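Last residue of the sequence shown: 371 in the UniProt record's numbering, with the numbers rising by one and none dropped.
Using N, Cα and C, we set each Cβ at its ideal position, and we do this for glycine too.
Please read all numbers here as calculations on a predicted model, not as lab measurements.
Take a look at the structure set out below.
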Amino acid sequence: MARIALDTLGDDDRRRIDYLTAMRRLWSTEVFGRLRDEFDTLAAREGAPTTLEEAGELVERCPSYAWFGFLERGAQVLKWRVVNDVVARNWETLGEDLRPPHLARAELDPELELPGWYRDHDIHCQPGGVWGAAPSALVYEIGTQVLHIGRNRGLELHRRFTATFPGETYRRIVDMGSGFGKSTRPFKERYAEADVIGIEFSGPCVRLAATRADDDGLEITFRQGDAAATGLPDGTVDVVTGTMVLHEMPPDVLRATFAEAARILTPGGIVRFLEFSRTGDLFRDAVMEDHAWRQNEPFMPGLMEFDVVRELSAVGLAGARWVPFDERTGELLPEGFPERAEWHLPWAVLEAHKPALAASTTPPAPAEGAA
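Written out as structure tokens, the structure is:
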């Protein structure tokens, strides 16, 4: 099993990471629970909000709101400060994780021009983003462990998502926005005969993804490029997927990405993205709206408002819908989101398919020479 950078750290550095994880756990349970209680008390006294805007205004009046927001933003900024320092001091060891792979492939494009919407925002508050200096991918890999409060240290979440796919075999799978490959590797594990391709803007992430896949003995191609312009031939992909990527795209890029997915899919092929969606709980949805701004996610609110069913239908895909996903168990929950006391990301699967070609009703031409 491929290791991650955390495995190489000494005790002092691990304790610093553990402290950040504990801070985030406190924020997501006790502080969030207090904020919820205050919101419910205000709503009972003054009347329940009926719109997201009203819910947001009520949340901001809760006594714990400032503390909740400060902890979320502060923990995120502190996380990157600590992780950047840890990676810098351990670079002699960690830099080995960017060695050239042998089995997996890293196809880098030094001429690729990164678009402004991607380059101009420090997404997740990570200084410099994930696309600049070589260590940025390792910083990102460690940082995700803090984000998920240690619950997604391995591939568990991504394996649960992969297990929801209906096919027993696929010929080609494309993972859009594959990052450092954590979402991609489970597809090759489950579909060993498939041609699995990860498409990712960040060169450092492409290199790290290939190394991690190599460590696991997985022959995956990671390609530096644009998910909205993969360069793959028409109708050659059985599955287009992605994890936590759509909310990082502006609306015009979402449309282009959906169109590209439709173009490269085979008839009968499927689209499945693991993402975040509205829950219908106005309190949670309002808190999630603020989460986007505190985490430097400028396009996340736009995805929540985006009519994905209409947009997917417009590019020729059918059956588009959001299905809530319980990341703890891997269950798809078409009946709706479960009630939970703690703060959590509103995981949902966006799915659609490309209609299969209708069987021809034209009778075959008679064989040459037939009477």
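As a beta-bridge residue in DSSP terms, Glu275 pairs with Ala348. When C-alpha distances from Phe165 are compared across Leu274, His344 and Val31, the shortest belongs to Leu274.
Between Gly129 and Ile123 the beta-carbon gap is near 6 Å, inside 8 Å, which marks them as a contact. Between the alpha carbons of Ala104 and Glu219 lies a distance of about 4 Å.
Restricting attention to Pro250, Arg278, Leu155 and Asp326, the CA atom closest to the CA of His121 is found in Pro250. The secondary-structure analysis by DSSP pairs Gln224 across a beta bridge with Glu200. Contact check for Arg160 and Glu327: beta-carbon distance about 7 Å, within the 8 Å limit, so the pair qualifies. About 4 Å separates the Cβ atoms of Glu107 and Arg223, confirming a contact at the 8 Å cut-off. Under the DSSP definition of a beta bridge, Val174 partners with Ile197 and Val240. Annotated as distal: Leu155 and Phe180, with beta-carbon spacing of 8 Å or more. DSSP, read as helix, strand or coil, puts Asp326 in strand. Per the coordinates, the alpha-carbon of Gly319 lies some 39 Å from the alpha-carbon of Val31.
Note on geometry: alpha-carbon atoms of Glu248 and Tyr170 lie some 27 Å from one another.
Counting the other Cβ atoms within 10 Å of the Cβ of Asp12 gives fewer than 16, which makes it exposed. Cβ contact annotation for Tyr118 (same chain, cutoff 7 Å, sequence separation greater than five): Phe201, in chain order. The continuous alpha helix (DSSP H) containing Ala261 extends over residues Pro251 to Ile264. Burial check for Asp85: the Cβ neighbour count within 10 Å stays below 16, so the residue is exposed.
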